[in-house]
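Asker: Below is one structure. I have some questions about it.
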Amino acid sequence: MSSTTAPAPAAAADRVPAPRGHRAHTRRRHGFGFWAVAFAFLAVMAFATVPAPLYVIYQARDGFPTFTTTVVFAAYGVGVVASLFLAGHLSDVHGRRPLVLVSVALELVAAVLFLLWDDVTGLVVARLVTGLGVGLLTATATAHLGELRVRATGSDASAKGASVAAGAVNLGGLSLGALVGGALAEFVGQPLVVPYVVFVVALVVAFVVVLAAPETVDRPEQPVPYRPQRMQAPAGQAGAFWAAGTAAFAALAVQGLFTSVAPTFLATTFHVTDRLAAGATTFGVFAASAVSQIVFARLAQRRQVQLGLVLLVVGLAVLAVAAVVLQVGGFIGGGVVAGAGVGLLFRASIARAGSLVGPEQRGGVLAATFLIAYAGLTVPVVAVGAALLVVPTLPVLLGYVVFVVVLALVAGVRLAANAE
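Take 216 as the starting number for the sequence shown in my numbering and just add one per residue.
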């Protein structure tokens, strides 16, 4: 009589200990959860930049000035910063998956607002809601991806690979959204409708697959009083924390230029009005940010910071010279080179901040770092928009470049000194 081996022990051995208050799941389920959260992260970040190449269409239709474009963009930044301040750290207490789901739901609301309320007021409200969802997601998904990957592989070393993936998805999603928005606007009818319909479908899919992702955070044994995100460095780590935050601020200040004012600058200064070209320009900058993180992932953190600074400074210098001599190729190429530097500097900043504390505090510290970073995506851009009301475009652009270069060098040198 032949005997058979029951699969139950193997299945049990494959299970990962569950967080307090949650069911246990297999390593395979955690692997699926990693990709589900990565897809949701990608979809949300891509949706955030879909309007970038469409602003020129809104502007031509409604006749508003460039400053209004920066106000619409600023509404997004305000939403991100407010969400990070009020709720970006709550996944440490309430779990990663619920906050990811709320974020995706907020993006769906924003997509519907874009479709149904497309005057200037509607754009401001829709961008505000978009920012709220992004702010809720960035730190949460970054932490969740690392935890899911470690549980899926059983190795703490896999957290580094998850960090690379999170950074690439974050900035890669931003690049993809601009390209998709520009391509659909150029080649498909109803350019202010179709891009949002496409992302409604993508976001619904993201919401459904995240439902199957395992939770990785313990439920608290006692109720935890609510408090907003503290802008406070971890004990004994003030220098490293603020260097990381300031470097991330400078990095995203470059990206802010290409998601708000750059498409208008291309149209008014270089007379490039093609919608796909506007989207492709933003795509190139953000795609370079994502690719550089992957290509140079094996470099030590200090080397990543140093290389990132070189690429950022050289790229912005080329961009500035091209703007002076009216060479559109140099303007776009300089932006792409600077974007590659941004990716390395941003990833090193987030990785350094996350390494300063243990898992129980990581969501809060990452939220604080993203809060500083997204201020860089918003505050300088609003200042540029205000300056454009009274100062010609070229001096404003050159002043912006000088500001970002100086800030990046000061913060980057300190970050490199503290890096591993």
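Beta carbons are placed, not taken as given, at the ideal position from N, Cα and C, and that holds for glycine.
Specify the secondary structure class of residue 240 as computed by DSSP and reduced to three states.
Answerer: Within the sequence shown, the letter at position 25 stands for residue 240. Three-state DSSP puts residue 240 in a strand.
Asker: Only counting the same chain, and skipping five residues up and downstream in sequence, which positions put a Cβ closer than 6 Å to that of residue 566?
Answerer: Within the sequence shown, numbered from 1, the residue matching residue 566 stands at position 351. In the same chain as residue 566, and ignoring 5 residues on each side of it, the C-beta atoms closer than 6 Å to its own belong to 378, in chain order.
Asker: Counting pairs of Cβ atoms below 8 Å between the stretch 311-318 and the stretch 589-604, do you hit three or more?
Answerer: Not touching, per the Cβ criterion.
Asker: Label residue 232 either buried or exposed according to how many other C-beta atoms from any shown protein chain fall within 10 Å of its C-beta, with 16 as the threshold for buried.
Answerer: One-based indexing of the sequence shown puts residue 232 at position 17. Result: exposed.
Asker: Scan the stretch 283-312 and note each continuous beta strand (DSSP E) run of 3 residues or more that stays entirely inside, going in chain order.
Answerer: none
Asker: Exposed or buried, residue 541, counting other C-beta atoms within 10 Å across all chains shown (16 or more means buried)?
Answerer: As a first step, residue 541 must be located in the sequence shown, where it is residue number 326. By the C-beta density criterion, residue 541 is exposed, having fewer than 16 other C-beta atoms within 10 angstroms.
Asker: Whose C-alpha, out of 432, 264, 271, 360, is nearest the C-alpha of residue 239?
Answerer: As a first step, residue 239 must be located in the sequence shown, where it is residue number 24. Per the Cα distances, 432.
Asker: Quick one: measure Cβ to Cβ for residue 508 and residue 383, integer angstroms, because I've assumed they're closer than 8 Å.
Answerer: Locating residue 508 in the sequence shown gives position 293, counting from the first residue. Locating residue 383 in the sequence shown gives position 168, counting from the first residue. With a Cβ gap of about 5 Å, residue 508 and residue 383 count as contacting.
Asker: What is the DSSP secondary structure of residue 631, counted as helix, strand or coil?
Answerer: Here residue 631 corresponds to residue number 416 of the sequence shown, with the count starting at 1. In the structure shown, residue 631 sits in a helix (DSSP, three-state: H, G or I).
Asker: If I measure Cβ to Cβ from residue 301 and keep anything under 8 Å in the same chain, skipping five residues before and after, which residues do I get?
Answerer: Residue numbering aside, residue 301 sits at position 86 when the sequence shown is read from its first letter. Around residue 301: 443, 444.
Asker: With H, G and I counted as helix, E and B as strand and the rest as coil, what does DSSP make of residue 230?
Answerer: Against the sequence shown, residue 230 aligns to sequence position 15. Residue state, collapsed to three classes: strand.
Asker: If residue 346 and residue 294 are in contact, beta carbons under 8 Å, what's the gap, nearest whole angstrom?
Answerer: Working through the sequence shown from its first residue, we reach residue 346 at position 131. Working through the sequence shown from its first residue, we reach residue 294 at position 79. Indeed they touch by this definition, with Cβ atoms about 2 Å apart.
Asker: Does residue 431 come out as helix, strand or coil in the three-state DSSP assignment?
Answerer: The residue labelled residue 431 in the question sits at position 216 within the sequence shown. Residue state, collapsed to three classes: coil.
Asker: With a threshold of 7 Å on Cβ separation, who are the neighbours of residue 511 within its own chain once the five nearest residues in sequence on each side are excluded?
Answerer: Position 296 of the sequence shown, counting from 1, holds the residue named residue 511. The residues are 519, 522, 559.
Asker: Quick one: using the 10 Å Cβ neighbour count with 16 as the cut-off for buried, is residue 396 buried or exposed?
Answerer: Counted from its first residue, the sequence shown places residue 396 at position 181. Result: buried.
Asker: Figure out for me which residue from 591, 486, 287, 235 has the closest Cα to the Cα of residue 462.
Answerer: Walking along the sequence shown from the start, residue 462 turns up at place 247. It is 591 whose Cα lies nearest to the Cα of residue 462.
Asker: Take residue 222 and list the residues in its own chain whose beta-carbon comes closer than 8 Å to its own, dropping the five residues that flank it on each side.
Answerer: Mapped onto the sequence shown, residue 222 falls at position 7. Residue placement at residue 222 cannot be trusted, given a pLDDT of 48 that sits under 50; what the coordinates show is reported in the next sentence. Result list for residue 222: empty, nothing under 8 Å.
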